[in-house]
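Novice: Under the numbering used here, think of the first position of the sequence shown as 39, with each following residue one higher. I have a structure here, written as structure tokens, and I will follow up with some questions on it.
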Amino acid sequence: MSPGEPPFSAPPPWRIVHFDAIDSTSDEARRRALAGDPGRLWIVAGEQSAGRGRRGRTWISPKGNLYASALLMEPCPPAIAAQLGFVAGVAIARAAEDIGAEARLKWPNDLVSRGVKCAGLLVEGVSLPRNRLACIVGLGVNCESAPSGAGYPTARLKDGSGRPADRGSLFQRLAIRFDETLAQWEAGAAFETIRALWLERSGALGEPIRIENARGRREGTFGGLDPDGRLLFRGKSGIEVVDAADLWILPASDGSPVAAMSASRAREGRT
Numbered sequence: 039m040s041p042g043e044p045p046f047s048a049p050p051p052w053r054i055v056h057f058d059a060i061d062s063t064s065d066e067a068r069r070r071a072l073a074g075d076p077g078r079l080w081i082v083a084g085e086q087s088a089g090r091g092r093r094g095r096t097w098i099s100p101k102g103n104l105y106a107s108a109l110l111m112e113p114c115p116p117a118i119a120a121q122l123g124f125v126a127g128v129a130i131a132r133a134a135e136d137i138g139a140e141a142r143l144k145w146p147n148d149l150v151s152r153g154v155k156c157a158g159l160l161v162e163g164v165s166l167p168r169n170r171l172a173c174i175v176g177l178g179v180n181c182e183s184a185p186s187g188a189g190y191p192t193a194r195l196k197d198g199s200g201r202p203a204d205r206g207s208l209f210q211r212l213a214i215r216f217d218e219t220l221a222q223w224e225a226g227a228a229f230e231t232i233r234a235l236w237l238e239r240s241g242a243l244g245e246p247i248r249i250e251n252a253r254g255r256r257e258g259t260f261g262g263l264d265p266d267g268r269l270l271f272r273g274k275s276g277i278e279v280v281d282a283a284d285l286w287i288l289p290a291s292d293g294s295p296v297a298a299m300s301a302s303r304a305r306e307g308r309t
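Here it is as structure tokens:
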């Protein structure tokens, strides 16, 4: 489908292409990267027919929610490209705060509000000729509706007045905050700054969690992030540094809901 007039804005030099409907905003960003797009481009869609999450999982993408992918060309050395997930996580949390929402982050980068998942993101790389790398940061935020049957609680993101977040207003704040947070990151030179901002918004620091990876399933507490963004898991044998795992925040003693299941380091399903 041909792109329509973009209803949103972003700070220069960012550009925006808006679709009423598309297969996947991240797939469109990939196509444009391979076709030679210079980057600093947002792809925004009203709905998706082939949204995806981690490991190819389907991401339900009905009308009314925010689906957006940012295309960046060679934003950092390839070895640290996964840090972009934390950059984007801080940016979407800041954008949610700007509209008055309660916003917390769950490793690696789910957006959680009142203990329930409201958004997720996915970072992908595209190899280009001459050893160049394009990075795509895709985000999906529940604004008008939240999926059911996901295996964990989901909810709409609500603004400071308790109304569902307006996707246009949220995107405008996201575009500004992502640009700001990228600048703070300094192509990875200042990841410690991003790590500190992420931890300020952590929704599980010191809380009970369950993780599952090649070593099996076990419970402990969330001890924060190591200098590279890996999970610090405090279990029966002490602190363990975890690069990849499925993660659940366990119910708190006050009976608050279980937050959404997460995935691997800096990569979680979205689009």
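Think of the CB as a built atom: it goes at the ideal place given N, C-alpha and C, for glycine as much as any other residue.
(1) Whole angstroms are fine: how far does the CA of phenylalanine 260 sit from the CA of glutamate 245?
(2) Once DSSP output is grouped into helix, strand and coil, what is the label at alanine 301?
(3) Spatial neighbours of arginine 93 within its chain, please: C-beta separation below 7 Å, excluding the five flanking residues on both sides.
(4) Shortest alpha-carbon distance to arginine 272 belongs to which of Pro289, Ala242, Pro50?
(5) In chain order, what residues of the same chain have a beta carbon less than 7 Å from the beta carbon of serine 165, not counting five sequence neighbours either side?
(6) CA-CA distance, proline 115 and serine 87?
(7) Have a look at alanine 71 and glycine 77 and give me their C-alpha separation to the nearest angstrom.
(8) Quick one: is alanine 119 buried, meaning 16 or more other Cβ sit within 10 Å of its Cβ, or exposed?
(9) Check this for me: beta carbons of cysteine 173 and proline 113, under 8 Å apart or not?
(10) If you drop the 5 nearest sequence neighbours on each side, which residues of the same chain put their C-beta closer than 6 Å to that of glutamate 257?
(11) Looking at leucine 208: is its Cβ nearer than 8 Å to the Cβ of leucine 104?
(12) Roughly how far, in whole angstroms, is the beta-carbon of tryptophan 223 from the beta-carbon of leucine 263, given that I think they are within contact range, below 8 Å?
(13) Measuring alpha carbon to alpha carbon, tell me which residue in Pro191, Leu177, Asn180 is nearest leucine 288.
(14) Measuring only the C-alpha atoms, how far is aspartate 217 from isoleucine 81?
(15) Please list, in chain order, all residues of the same chain as leucine 220 whose beta carbon is under 7 Å from its beta carbon, the five residues on each side excluded.
(16) By the DSSP assignment, the beta strand (DSSP E) with arginine 142 in it spans what residues?
(17) Using CA atoms only, rank isn't needed, just tell me which of Ala133, Asn169, Ala141, Val179 is closest to alanine 106.
(18) Leaving aside the five residues before and after isoleucine 214 along the sequence, list all residues of the same chain whose C-beta is less than 7 Å from its C-beta, in chain order.
(19) Determine the burial state of alanine 252: buried for a count of at least 16 other Cβ atoms within 10 Å of its Cβ, exposed for fewer.
(20) Once the 5 residues before and after leucine 79 are set aside, which same chain residues still bring their CB inside 8 Å of it?
Specialist: Let's see:
(1) 6 Å
(2) Note on alanine 301: pLDDT 40, under 50, position unreliable in the model; the coordinate value appears next. DSSP places alanine 301 in coil when its eight states are reduced to three.
(3) Confidence at arginine 93 is low in this model, with a pLDDT of 45, below 50, so its placement is unreliable and the value that follows should be read with caution. Taken in chain order, the list of residues that qualify is empty.
(4) For arginine 272, the closest C-alpha among the options Pro289, Ala242, Pro50 is that of Ala242.
(5) Leu171
(6) 33 Å
(7) 7 Å
(8) Burial call: buried.
(9) yes
(10) Arg248
(11) Yes. Within cutoff.
(12) 15 Å between Cβ atoms; not a contact.
(13) Distance check between leucine 288 and each of Pro191, Leu177, Asn180 places Pro191 closest, using alpha-carbon atoms only.
(14) 15 Å
(15) Val125
(16) 142 to 144
(17) Val179
(18) Pro49
(19) exposed
(20) Trp52, Arg53, Ile54, Val55, Ala67, Arg70, Ala108, Leu109
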